[in-house]
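2 protein chains.
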Amino acid sequence: MKASQFLISTLKEAPADAEVVSHQLMTRAGMIKKLGAGIYTYMPMGLRVINKVAAIVREEMNRAGAIELTMPVIQPAELWQETGRFEKMGPELLRIQDRHERDFVVQPTSEEVVTDIARQEFKSYKQLPRNLYQIQTKFRDERRPRFGLMRGREFIMKDAYSFDRDPASAQISYQAMAQAYRAAFDRFGLRYRAVAADSGAIGGDLSEEFQVIAATGEDAIIYCPTSDYAANIEKAEALAPKGPRPAASKPLTKTPTPGKSTCADVAELLNVPLQTTVKSLVLATDELNDKGEVAKSQIWLLLLRGDHDMNEVKVGKLPGFEQGFRFATEAEIVAHFGCKPGYLGPLNLKQPVRVVADREVSVLADWICGANEVDFHLTGVNWGRDLPEPALVADLRNVVEGDLSPDGKGVLAIERGIEIGHIFYLGTKYSKAMNATFLDENGKPQFFEMGCYGIGITRLPAAAIEQNHDAKGIIWPDAIAPFTVVVCPINPDRSPEVKTAAEKLYAELLAAGVDVILDDRGERPGAMFADWELIGVPHRVTIGDRTLKEGKVEYQHRRDAEATPLAVGDAAAFVLGKLKR
Amino acid sequence: MKASQFLISTLKEAPADAEVVSHQLMTRAGMIKKLGAGIYTYMPMGLRVINKVAAIVREEMNRAGAIELTMPVIQPAELWQETGRFEKMGPELLRIQDRHERDFVVQPTSEEVVTDIARQEFKSYKQLPRNLYQIQTKFRDERRPRFGLMRGREFIMKDAYSFDRDPASAQISYQAMAQAYRAAFDRFGLRYRAVAADSGAIGGDLSEEFQVIAATGEDAIIYCPTSDYAANIEKAEALAPKGPRPAASKPLTKTPTPGKSTCADVAELLNVPLQTTVKSLVLATDELNDKGEVAKSQIWLLLLRGDHDMNEVKVGKLPGFEQGFRFATEAEIVAHFGCKPGYLGPLNLKQPVRVVADREVSVLADWICGANEVDFHLTGVNWGRDLPEPALVADLRNVVEGDLSPDGKGVLAIERGIEIGHIFYLGTKYSKAMNATFLDENGKPQFFEMGCYGIGITRLPAAAIEQNHDAKGIIWPDAIAPFTVVVCPINPDRSPEVKTAAEKLYAELLAAGVDVILDDRGERPGAMFADWELIGVPHRVTIGDRTLKEGKVEYQHRRDAEATPLAVGDAAAFVLGKLKR
Chain E
3 MKASQFLIST LKEAPADAEV VSHQLMTRAG MIKKLGAGIY TYMPMGLRVI
53 NKVAAIVREE MNRAGAIELT MPVIQPAELW QETGRFEKMG PELLRIQDRH
103 ERDFVVQPTS EEVVTDIARQ EFKSYKQLPR NLYQIQTKFR DERRPRFGLM
153 RGREFIMKDA YSFDRDPASA QISYQAMAQA YRAAFDRFGL RYRAVAADSG
203 AIGGDLSEEF QVIAATGEDA IIYCPTSDYA ANIEKAEALA PKGPRPAASK
253 PLTKTPTPGK STCADVAELL NVPLQTTVKS LVLATDELND KGEVAKSQIW
303 LLLLRGDHDM NEVKVGKLPG FEQGFRFATE AEIVAHFGCK PGYLGPLNLK
353 QPVRVVADRE VSVLADWICG ANEVDFHLTG VNWGRDLPEP ALVADLRNVV
403 EGDLSPDGKG VLAIERGIEI GHIFYLGTKY SKAMNATFLD ENGKPQFFEM
453 GCYGIGITRL PAAAIEQNHD AKGIIWPDAI APFTVVVCPI NPDRSPEVKT
503 AAEKLYAELL AAGVDVILDD RGERPGAMFA DWELIGVPHR VTIGDRTLKE
553 GKVEYQHRRD AEATPLAVGD AAAFVLGKLK R
Chain P
3 MKASQFLIST LKEAPADAEV VSHQLMTRAG MIKKLGAGIY TYMPMGLRVI
53 NKVAAIVREE MNRAGAIELT MPVIQPAELW QETGRFEKMG PELLRIQDRH
103 ERDFVVQPTS EEVVTDIARQ EFKSYKQLPR NLYQIQTKFR DERRPRFGLM
153 RGREFIMKDA YSFDRDPASA QISYQAMAQA YRAAFDRFGL RYRAVAADSG
203 AIGGDLSEEF QVIAATGEDA IIYCPTSDYA ANIEKAEALA PKGPRPAASK
253 PLTKTPTPGK STCADVAELL NVPLQTTVKS LVLATDELND KGEVAKSQIW
303 LLLLRGDHDM NEVKVGKLPG FEQGFRFATE AEIVAHFGCK PGYLGPLNLK
353 QPVRVVADRE VSVLADWICG ANEVDFHLTG VNWGRDLPEP ALVADLRNVV
403 EGDLSPDGKG VLAIERGIEI GHIFYLGTKY SKAMNATFLD ENGKPQFFEM
453 GCYGIGITRL PAAAIEQNHD AKGIIWPDAI APFTVVVCPI NPDRSPEVKT
503 AAEKLYAELL AAGVDVILDD RGERPGAMFA DWELIGVPHR VTIGDRTLKE
553 GKVEYQHRRD AEATPLAVGD AAAFVLGKLK R
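Top line first, the protein sequences correspond to chains E and P. When you read off a place in the first sequence, starting at 1, and then add 2, the result is the number in my numbering. When you read off a place in the second sequence, starting at 1, and then add 2, the result is the number in my numbering.
So this is what it looks like as structure tokens:
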């Protein structure tokens with residue numbers, strides 16, 4: 003490609019609404035152009051990256067035996083009503099009526115449509131397993147779309163769906179996808195981690211996220227540097243503390259803590275470690291009657307150490323929390339504790355509540371909690387002596403750096419990541435809802451065991467940039483760069499030799515199958531280099547009159563601080579050598 | 003590809019709603035699956051065809067210097083309001099509101115968005131010409147979607163848009179697209195015609211349709227077998243008749259024609275050629291006041307020969323018809339003619355009307371028309387003697403087979419076609435509406451001269467089938483076949499030699515870069531052959547125990563009545579030879 007034949011459009015300044023670096027750089031490099039909130043045109047430079055990502059994903063999906071199709075973007079509501087998602091999904095689901103006032107959705111995913119295809123196509127166990135995928139435009143009507151392609155409303159996703167005859171076979175299909183994902187992610191040239199994720203209400207352990215590591219990522223990735231353990235924060239288990247609870251050594255004392263309603267404030271006032279304080283979280287679970295009204299509410303008191311955060315996914319799995327939970331209202335709190343929030347604790351309750359202690363809280367001695375009286379806390383609290391042993395002890399908290407690794411092979415570290423892929427064993431959730439069955443060897447209908455597998459095709463370039471950039475711009479990995487090599491002649495209009503040498507090198511690299519661009523725009527050197535550094539093409543060869551007279555050209559990788567002089571005749575071979583590595 | 007790893011799903015019967023053969027065969031061959039009215043999943047077999055079509059189009063667009071981008075499917079209403087299309091377009095434009103009740107459309111084309119990009123990106127004449135294109139999902143909410151992919155609601159289109167500094171440059175851009183379209187259509191392997199089309203209100207002659215020739219096509223293509231003249235029916239000019247009007251030879255006579263209200267009935271009753279009768283079409287044009295209400299209506303009488311049909315596009319270009327026209331109401335007709343339709347004519351009017359005669363009517367003598375009295379016609383009517391010469395003579399009619407070709411090089415013939423591509427010089431229609439300008443050499447803002455260029459990517463396979471099928475199924479041209487070659491081993495499970503020979507041939511063709519499928523499903527020969535004949539793979543090699551014992555396999559093109567025996571060792575070379583042609 004010659005630059006004069008392409009659309010290169012760089013900006014000095016990022017738009018005011020671009021908060022993250024990938025959004026800033028993709029806009030400045032002319033890769034995306036905003037059309038509306040969360041809606042972007044993929045400009046020619048950006049589309050090249052997206053197409054390379056899609057091509058790698060497609061190859062690895064095909065290699066893994068998945069079969070490509072394309073389901074409609076606009077889907078009739080009927081199938082979405084079969085699973086209940088038409089009603090259950092919030093306003094993220096973009097709903098439309100056509101000219102005949104029939105309901106449709108703009109697909110955010112395609113579980114319903116693909117399950118409908120499976121129940122029509124896969125009549126017999128002999129046709130299984132099958133994996134169908136598409137690379138397709140999707141829409142999620144995010145309330146506050148931002149961060150460019152990181153959280154757009156319209157986006158491109160690869161979504162695959164596997165159909166198996168039984169859980170054992172579904173496991174194999176799932177593992178084949180896990181392997182295909184690793185193969186694709188290895189090819190992208192990004193640092194990433196596959197982390198265990200919570201599989202929600204389905205149960206089982208078969209869910210993994212593929213996280214591109216970046217300091218700016220919104221997800222916390224938990225991993226063990228001395229083993230291969232990795233999980234997301236929702237999933238990572240906080241092990242039970244080793245060793246028994248120390249013996250009580252202090253008396254129970256009501257201590258004035260005027261105006262100190264947080265654990266941190268209390269610890270500071272009393273000059274004790276935050277780890278000796280306990281926070282009281284009051285939750286409620288509701289029982290509904292046949293009409294869907296609340297018939298009865300149960301109040302729960304969750305106790306966590308002052309330095310720990312509650313993990314909602316773990317709490318959601320407590321016995322009794324199957325139908326969901328909520329934070330208690332202030333009225334409920336006052337009724338049970340006789341006190342407003344900020345000074346709550348498990349002693350001197352007005353009405354009984356169910357107490358659940360985090361594992362770490364259950365082994366504390368001489369701890370501190372609210373006195374259920376404004377401006378007072380209790381110190382020297384001890385289980386068994388001052389209050390009954392907790393009715394339930396559970397893992398309620400997010401792990402923190404330094405916690406023991408669940409695999410027993412070290413301690414946990416935390417880094418930030420951007421979720422780009424998610425693979426998920428679905429079981430029969432959708433096949434049951436849609437009565438999607440095949441006939442087994444005995445001619446008996448069985449529900450499909452399903453899995454679903456997504457990769458955010460348009461999100462990946464943004465994540466790659468969050469991981470790979472510097473003050474000058476983007477630094478693409480070779481595999482997904484818009485162009486792999488740029489040839490930059492300096493003032494070619496003034497030097498026919500420079501022009502000829504640049505065109506010769508361009509032709510040689512093109513003939514060798516390299517995705518090379520020749521900058522024949524006639525820009526001045528400073529502007530030309532700034533453009534390519536911003537756009538982030540990884541390999542650059544500069545051809546100038548001064549060095550060419552000595553038979554030299556200059557090679558510079560986007561990460562190199564200095565250029566490397568090369569004999570002009572060796573340049574093509576040198577670049578090809580760089581690309582092979 | 004091995005068939006066992008692919009999704010092959012054929013049906014004996016077409017669905018009841020499939021009216022046209024392409025819809026029937028694509029459904030039966032498992033290429034598409036209906037999800038809703040006019041909304042189809044492109045199943046794996048169909049997607050392969052669509053992808054091949056798209057790849058050819060993309061290559062030819064790139065070769066012509068067009069640059070690919072991807073504009074959003076869901077587009078904010080604001081830009082569509084700038085051109086007025088948000089209001090003007092009918093219910094075909096699918097409108098949506100997002101969660102914040104902002105208006106959006108699902109794009110049917112992208113003139114507004116691409117013009118918005120151009121006015122931001124192309125600031126200077128130095129950046130022109132440019133051509134931007136996308137291959138993208140589109141939606142038109144057809145009132146009565148039908149015919150499968152021929153007239154779907156959701157479909158894939160290639161849409162390109164050119165931006166030029168002046169009309170002369172726009173002509174060059176237009177011609178480059180015309181050439182790229184011919185190159186792509188030549189590669190598809192279909193019989194087609196590029197026909198001149200009417201360019202509507204824009205004026206000028208720069209509009210061509212690319213029509214795939216098929217007896218079932220809904221468009222009439224006019225062409226001259228002895229020259230390269232070709233146009234669609236709207237566009238093809240009916241030349242003025244040669245020679246002068248004959249002299250009047252019969253008296254004007256009022257003739258009873260009870261119950262005969264059509265020219266055909268009258269001609270039959272009076273035993274005269276239909277060509278001597280004249281039909282009276284009463285039209286109205288409305289003048290609107292500032293409030294958009296009808297202030298005044300003008301009544302027009304159009305006279306056409308009884309054997310000719312009115313051409314609405316030509317009539318729309320009459321002076322006075324710039325703001326559109328309509329058929330007159332019965333009340334208007336009675337007021338002006340004193341008679342209900344069926345017996346109308348230009349003589350004995352109650353109120354004056356403007357008379358426009360078709361060129362052929364203007365040279366008639368002794369003609370027949372309605373007497374403006376029920377059950378009576380006039381015969382022996384003559385211009386000048388019985389009524390004034392027509393105020394206006396124009397080409398009002400569709401051409402018919404045998405008319406003189408407008409290029410003077412023969413007579414016209416008519417065949418049927420399916421419109422797959424349309425290229426169009428837009429002028430400044432959109433750039434003016436959106437105030438999209440660039441700066442010329444003098445620093446003065448100028449409106450972009452635009453063109454737009456579409457190819458129906460998902461419609462093309464349907465058109466290909468309408469042109470190429472037989473009683474057994476589809477017959478694909480090589481370039482867009484889902485697979486180019488199928489290798490069919492007969493009962494491979496019973497003969498290891500057959501299995502080995504089939505796998506060897508498959509591997510050889512694969513290694514030679516052929517898009518080959520090996521049918522390893524273990525189907526019985528009859529079912530296997532029926533599948534591939536239905537699916538329409540053009541080249542088949544059959545390997546059976548009986549012939550293999552004699553060292554032979556059998557080649558058969560999908561159009562061949564008989565198979566050709568080949569030495570097993572020559573099979574790959576033979577097939578490759580067939581593909582090269």
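Idealized CB from N, CA, C, for every residue including glycine. Since the model is a prediction, treat every value here as computed from it, not as a measurement.
Check your understanding: Does DSSP classify E:Glu552 as helix, strand or coil?
Key -> coil
Check your understanding: Looking at P:Lys237 and P:Leu380, is the spacing between their C-beta atoms short of 8 angstroms?
Key -> The answer is no: Cβ separation not under 8 angstroms.
**Study point:** Proximity of E:Thr544 and E:Ala565 at Cβ, strictly below 8 angstroms
**Key:** yes
Check your understanding: Taking DSSP as the reference, what is the three-state secondary structure of E:Cys265?
Key -> helix
Review point. What is the rounded straight-line gap between the Cα of P:Ile144 and the Cα of P:Leu346?
Key: The sequence shown places Glu at residue 144 of chain P, not Ile. Each residue's alpha carbon lies about 37 angstroms from the other.
Point to revise | Status (buried if at least 16 other CB within 10 Å, exposed otherwise) for E:Ile174 | key: exposed
Exercise for review: Kindly examine the ligand FMN and report whether one of its heavy atoms sits closer than 7 angstroms to the Cβ of P:Trp478.
Suggested key: The ligand FMN is not part of the structure shown, which contains no ligands of any sort.
Exercise for review: For the region 209 to 224 of chain E and the region 421 to 430 of chain E, state whether three or more C-beta atom pairs, one from each stretch, are separated by less than 8 angstroms.
Suggested key: yes
Practice item. Kindly list the residues whose CB is nearer than 6 angstroms to the CB of P:Arg121, restricted to its own chain and excluding five residues on each side of it in sequence; keep chain order. Key: Ala438
Point to revise | Contact residues within the region 143 to 155 of chain E, judged by C-beta distance below 7 angstroms to chain P | key: Asp143, Arg145
Practice item. With DSSP as the reference, label E:Tyr432 as helix, strand or coil. Key: helix
Practice item. Measure the alpha-carbon distance for E:Lys554 versus E:Ala563 and round it to whole angstroms. Key: 19 angstroms
Exercise for review: May I ask you to list the residues that DSSP assigns as paired with E:Met452?
Suggested key: E:Phe165, E:Gly429, per the DSSP bridge assignment.
Exercise for review: Tell me where the beta strand (DSSP E) around E:Tyr231 begins and ends.
Suggested key: Taken as a continuous stretch (DSSP letters only), E:Tyr231 belongs to no beta strand (DSSP E), as it is neither H nor E.
Review point. Exposed or buried, P:Ala5, counting other C-beta atoms within 10 Å across all chains shown (16 or more means buried)?
Key: Buried.
Check your understanding: Can you find a C-beta in chain E that's less than 8 angstroms from the C-beta of P:Phe450?
Key -> no
Check your understanding: Applying a beta-carbon distance threshold of less than 7 angstroms, which residues of chain E neighbour P:Pro46?
Key -> Listed by position along chain E, the residues whose Cβ is nearer than 7 angstroms to that of P:Pro46 are Ile69, Glu70, Leu71.
Exercise for review: Can you pull the chain P residues whose beta carbon is under 9 angstroms from the beta carbon of E:Pro110, in chain order?
Suggested key: Within 9 angstroms Cβ-Cβ: nothing; E:Pro110 doesn't reach chain P, min ~12 angstroms.
Practice item. Quickly, what does DSSP pair P:Gly538 with across the bridge? List them, please. Key: In the DSSP output, where bridge partners are listed per residue, P:Gly538 has none listed.
**Study point:** Residue-level contact to chain E via CB, P:Gln77, 8 angstroms cutoff
**Key:** yes
Point to revise | Bounding residues of the beta strand (DSSP E) (the contiguous stretch that carries E:Tyr508) | key: It is not in any beta strand (DSSP E) - E:Tyr508 instead sits in the alpha helix (DSSP H) that spans 498 to 513.
Review point. If you run the structure through DSSP and keep just helix, strand and coil, what is E:Phe212?
Key: strand
Review point. Does any C-beta atom of chain P lie closer than 8 angstroms to the C-beta of E:Arg65?
Key: For E:Arg65, the answer is no, since every Cβ of chain P falls outside 8 angstroms of its Cβ.
**Study point:** Neighbourhood of E:Phe190 by C-beta, 8 angstroms cutoff - its chain only, sequence neighbours within 5 removed
**Key:** Val55, Ile58, Leu462, Ala466, Pro479, Ala481, Ile482
**Study point:** Extent of the continuous beta strand (DSSP E) to which E:Trp302 belongs
**Key:** 296 to 307 is the extent of the beta strand (DSSP E) around E:Trp302.
Review point. Hey, does E:Ile41 have any beta-carbon neighbour from chain P nearer than 8 angstroms?
Key: yes
Exercise for review: Going by DSSP, name the residue or residues bridged to E:Val365.
Suggested key: None, per the DSSP bridge assignment.
Exercise for review: Can you give me the Cβ contacts of P:Arg561 inside the same chain, cut-off strictly under 7 angstroms, excluding the 5 residues immediately before and after it?
Suggested key: Ile477
**Study point:** Supposed close pair P:Met436, P:Glu21 - CB separation, criterion 8 angstroms
**Key:** Rounded, the Cβ-Cβ distance is 40 angstroms, inconsistent with contact.
Check your understanding: Taking Cβ-Cβ distances below 7 angstroms as the criterion, which residues of the region 86 to 101 of chain E are in contact with chain P?
Key -> Pro93, Leu96, Ile98, Asp100, Arg101
Check your understanding: Excluding five sequence neighbours on each side, which residues of the same chain lie with their C-beta closer than 6 angstroms to the C-beta of E:Pro131?
Key -> Once the five neighbours on either side are set aside, the close Cβ partners of E:Pro131 are Asp166, Ser171, Ser175.
Review point. So which residues on chain P does E:Gln7 lean against when the C-beta distance must stay under 9 angstroms?
Key: Gly67, Ile69
Practice item. Would you mind telling me which residues of chain B sit closer than 8 angstroms to E:Val115, beta carbon to beta carbon, in chain order? Key: In the displayed structure, chain B is absent; the protein chains listed are E and P.
Review point. At a CB-CB cut-off below 7 angstroms, which residues of chain E make contact with P:Phe141?
Key: Ile76
Practice item. To the nearest angstrom, report how far apart P:Phe323 and P:Ser112 are at their CA atoms. Key: Their backbone Cα atoms lie some 29 angstroms apart in a straight line.
Exercise for review: Determine the burial state of P:Leu306: buried for a count of at least 16 other Cβ atoms within 10 Å of its Cβ, exposed for fewer.
Suggested key: buried
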